[in-house]
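Undergrad: In this note's numbering, the protein residues as written are 1 to 299.
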Amino acid sequence: MTALGAPRPRGGLDKRTARKGWLFILPAVLLILALSFYPMIQAFLLSLQKGSGNNLSYGGLSNYQRLPRDATYVAALGNTFYYLIIQVPIMLLLALILAVMLNDSKLMGRGIYRTLIFLPCATSLVSCSMIFLQLFSNNGLLNNLFMRWGWVSEPIPFLTNAVYARLVIIVTMLWRWTGYNMVFYLAGLQSIDHQIYEAARIDGASVMQQFAKITVPLLRPIILFTTVLSTNGTLQLFDEVRIMTAGGPGVGTATLSWHIYRSTFEQVPRFGYATAMAFTIFVMVAVLAFIQMKVGERT
Numbered sequence: 001m002t003a004l005g006a007p008r009p010r011g012g013l014d015k016r017t018a019r020k021g022w023l024f025i026l027p028a029v030l031l032i033l034a035l036s037f038y039p040m041i042q043a044f045l046l047s048l049q050k051g052s053g054n055n056l057s058y059g060g061l062s063n064y065q066r067l068p069r070d071a072t073y074v075a076a077l078g079n080t081f082y083y084l085i086i087q088v089p090i091m092l093l094l095a096l097i098l099a100v101m102l103n104d105s106k107l108m109g110r111g112i113y114r115t116l117i118f119l120p121c122a123t124s125l126v127s128c129s130m131i132f133l134q135l136f137s138n139n140g141l142l143n144n145l146f147m148r149w150g151w152v153s154e155p156i157p158f159l160t161n162a163v164y165a166r167l168v169i170i171v172t173m174l175w176r177w178t179g180y181n182m183v184f185y186l187a188g189l190q191s192i193d194h195q196i197y198e199a200a201r202i203d204g205a206s207v208m209q210q211f212a213k214i215t216v217p218l219l220r221p222i223i224l225f226t227t228v229l230s231t232n233g234t235l236q237l238f239d240e241v242r243i244m245t246a247g248g249p250g251v252g253t254a255t256l257s258w259h260i261y262r263s264t265f266e267q268v269p270r271f272g273y274a275t276a277m278a279f280t281i282f283v284m285v286a287v288l289a290f291i292q293m294k295v296g297e298r299t
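Quick look at the structure:
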């Protein structure tokens with residue numbers, strides 16, 4: 001038995017515990033290496049191959065050098081960031097406002113409202129896209145109503161005009177994903193002590209001051225998490241574009257994932273070039289997530 005204050009012997013229980021801990025997490029580490037990192041390395045090696053189909057040969061960085069000269073890629077990149085810059089802030093702000101409203105214990109039927117707002121998230125992406133396709137098509141519900149009421153004399157080209165089509169896709173994404181993010185904010189709000197708000201009200205803080213000075217700072221980790229998650233999802237946007245507009249008119253609504261899909265399955269398969277485009281998404285997600293986390297740490 002060692003005296004009080006004497007240094008603990010090296011090795012012994014601590015090393016045995018550490019070894020056992022590594023044994024417990026080893027299966028998970030191996031699975032991550034096999035199912036995530038190994039495919040990523042293989043994909044990067046594939047992105048260095050040029051050619052089509054199975055006729056591939058080493059091309060170095062030629063696929064990456066080709067990207068700025070690809071007009072479709074440049075247009076898809078611009079559209080993707082258009083969706084990101086407009087849709088993500090609106091969606092997160094709307095989700096936060098709804099969460100604050102539905103967290104009020106005095107609101108009657110708030111459970112029903114929460115369920116109704118979250119339900120679109122339970123709808124499959126294909127079904128969601130088909131619903132909005134029927135709503136906004138030339139002979140869809142909205143155009144029929146507008147023409148019946150005399151608001152327009154001919155159908156509005158919601159899906160054949162690039163400006164309208166991009167807005168329709170944004171509305172579709174807002175409808176589906178706002179409730180998803182709202183649930184995260186609701187969980188965070190329920191962990192905030194109500195006495196903080198009561199003290200603020202006693203001190204004369206308005207509702208907006210409480211929101212800006214209490215709610216937003218205390219939900220900052222969750223806001224950061226949803227921002228990173230939403231950024232990742234928007235940069236990989238595919239289903240809505242593929243089903244509703246097929247990237248059209250022209251490439252007016254095209255996204256990077258849509259261009260990757262076409263380059264792989266609808267055109268002459270260019271696996272190396274498509275993988276290079278996929279890696280640009282990976283890099284953008286990593287860089288934006290890093291920036292957002294750094295900004296979140298400083299604020």
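Each residue gets a CB set at the ideal place from its N, CA and C atoms; glycine is no exception.
Bear in mind the structure is a predicted one, so any value in this text is a computation, not a measurement.
From the DSSP output, which residues share a beta bridge with G51?
TA: As a position in the sequence shown, residue 51 is number 51, starting the count at 1. Per DSSP, L56.
Undergrad: Where does the unbroken alpha helix (DSSP H) through Q292 begin, and where does it stop?
TA: Your numbering for residue 292 matches position 292 in the sequence shown. 271 to 298 is the span of the alpha helix (DSSP H), which, as asked, contains Q292.
Undergrad: Can you tell me whether V88 is buried or exposed, with buried defined as 16 or more other CB within 10 angstroms of its CB?
TA: Numbered from 1 along the sequence shown, position 88 holds the residue referred to as residue 88. Burial call: buried.
Undergrad: Cα-Cα, which of K15, A274, A276, N143 is closest to L159?
TA: Residue numbering aside, residue 159 sits at position 159 when the sequence shown is read from its first letter. Checking every option, the nearest Cα to that of L159 belongs to N143.
Undergrad: Helix or strand or just coil, what does DSSP make of S263?
TA: Here the question's residue 263 lines up with position 263 in the sequence shown. S263: helix per DSSP, three-state reduction.
Undergrad: Which residues in the same chain as L84 place their Cβ atom closer than 7 Å to its Cβ, once the five residues preceding and following it in sequence are excluded?
TA: Locating residue 84 in the sequence shown gives position 84, counting from the first residue. Hits under 7 Å: T231, T234, L235.
Undergrad: Grouping DSSP H, G and I as helix and E and B as strand, with all else coil, what is A246?
TA: Position 246 of the sequence shown, counting from 1, holds the residue named residue 246. Here A246 sits in coil by DSSP.
Undergrad: Expressed to the nearest angstrom, what Euclidean distance is found between the alpha-carbon atoms of G51 and L116?
TA: Residue mapping note: residue 51 aligns to position 51 of the sequence shown, counting from 1. Residue mapping note: residue 116 aligns to position 116 of the sequence shown, counting from 1. Each residue's Cα considered, the two are about 50 Å apart.
Undergrad: G272 and Q42: beta carbons closer than 9 Å?
TA: Sequence index remark: in the sequence shown, residue 272 carries index 272 (1-based). Sequence index remark: in the sequence shown, residue 42 carries index 42 (1-based). No, the Cβ-Cβ distance between G272 and Q42 is not below 9 Å.
Undergrad: Look at the Cβ atom of G247, then the Cβ atom of R262, and state whether they are nearer than 9 Å.
TA: Residue 247 sits at position 247 when you count from the first residue of the sequence shown. Residue 262 sits at position 262 when you count from the first residue of the sequence shown. Yes, they are a contact pair.
Undergrad: Just checking, does the segment 168 to 178 make contact with the segment 197 to 209 on the three C-beta pairs under 8 Å criterion?
TA: no
Undergrad: Please confirm if the segment 171 to 185 is in contact with the segment 88 to 98, defined as three or more CB-CB distances below 8 Å between the two stretches.
TA: yes
Undergrad: Can you tell me which of the three DSSP states A254 falls into?
TA: Within the sequence shown, residue 254 is the residue found at index 254, counting from 1. It is coil, neither helix nor strand.
Undergrad: Does the beta-carbon of N54 have 16 or more other beta-carbons within 10 angstroms, so that it is buried, or is it exposed?
TA: Taking the sequence shown and counting its residues from 1, one reaches residue 54 at position 54. The residue in question, N54, is exposed, as its Cβ has fewer than 16 Cβ neighbours within 10 Å.
Undergrad: What is the DSSP secondary structure of K204, counted as helix, strand or coil?
TA: Position 204 of the sequence shown, counted from the first residue, corresponds to residue 204. One detail in the question is off: residue 204 reads as Gly in this sequence, not Lys. Three-state result, G204: coil.
Undergrad: How many angstroms separate the CA atom of R114 from the CA atom of K20?
TA: Counting from 1 along the sequence shown, the entry for residue 114 is found at position 114. Counting from 1 along the sequence shown, the entry for residue 20 is found at position 20. If I take the Cα positions, the gap works out to 44 Å.
Undergrad: In the DSSP assignment, find the unbroken alpha helix (DSSP H) run with I192 in it and report its ends.
TA: Stepping through the sequence shown from its first residue, residue 192 is reached at position 192. It is not in any alpha helix (DSSP H) - I192 carries neither H nor E in the DSSP assignment.
Undergrad: Can you tell me where the alpha helix (DSSP H) with V268 in it begins and where it stops?
TA: For the purposes of this step, residue 268 is identified with residue 268 of the sequence shown, where counting begins at 1. No alpha helix (DSSP H) contains V268, which DSSP labels as neither H nor E.
Undergrad: With a CB to CB cut of under 7 Å and the five nearest residues on each side skipped, what residues in its chain are close to S257?
TA: Within the sequence shown, numbered from 1, the residue matching residue 257 stands at position 257. So the qualifying residues of the chain are Q236, L237, F238.
Undergrad: Pull up the distance between the alpha-carbon of I25 and that of L31, whole angstroms please.
TA: Translated into the one-based positions of the sequence shown, residue 25 becomes position 25. Translated into the one-based positions of the sequence shown, residue 31 becomes position 31. When rounded, the distance between both Cα atoms is 10 Å.
Undergrad: Which whole-angstrom value is the C-beta distance of A278 and I260, which I expect to be below 8 Å?
TA: If you number the sequence shown from 1, residue 278 lands on position 278. If you number the sequence shown from 1, residue 260 lands on position 260. Their Cβ separation, rounded to whole angstroms, is 6 Å, which keeps A278 and I260 in contact under 8 Å.
Undergrad: Apart from the five residues on each side of it in sequence, which residues of its chain come closer than 7 Å, Cβ to Cβ, to A99?
TA: In the sequence shown, residue 99 corresponds to position 99, counting from 1. Correct list, in chain order: M182, Y185, L186, L189.
Undergrad: Please report how far the alpha carbon of D104 lies from the alpha carbon of M208, in whole angstroms.
TA: As a position in the sequence shown, residue 104 is number 104, starting the count at 1. As a position in the sequence shown, residue 208 is number 208, starting the count at 1. Between D104 and M208, the C-alpha separation is close to 15 Å.
Undergrad: Would you kindly work out how many angstroms separate the C-alpha atoms of N161 and W149, rounded to a whole number?
TA: For the purposes of this step, residue 161 is taken as residue 161 along the sequence shown, with counting starting at 1. For the purposes of this step, residue 149 is taken as residue 149 along the sequence shown, with counting starting at 1. About 23 Å.
Undergrad: When burial is assigned at 16 or more other CB atoms within 10 Å of the CB, is M40 buried or exposed?
TA: Start at 1 with the first residue of the sequence shown, and residue 40 comes out as number 40. It counts as exposed.
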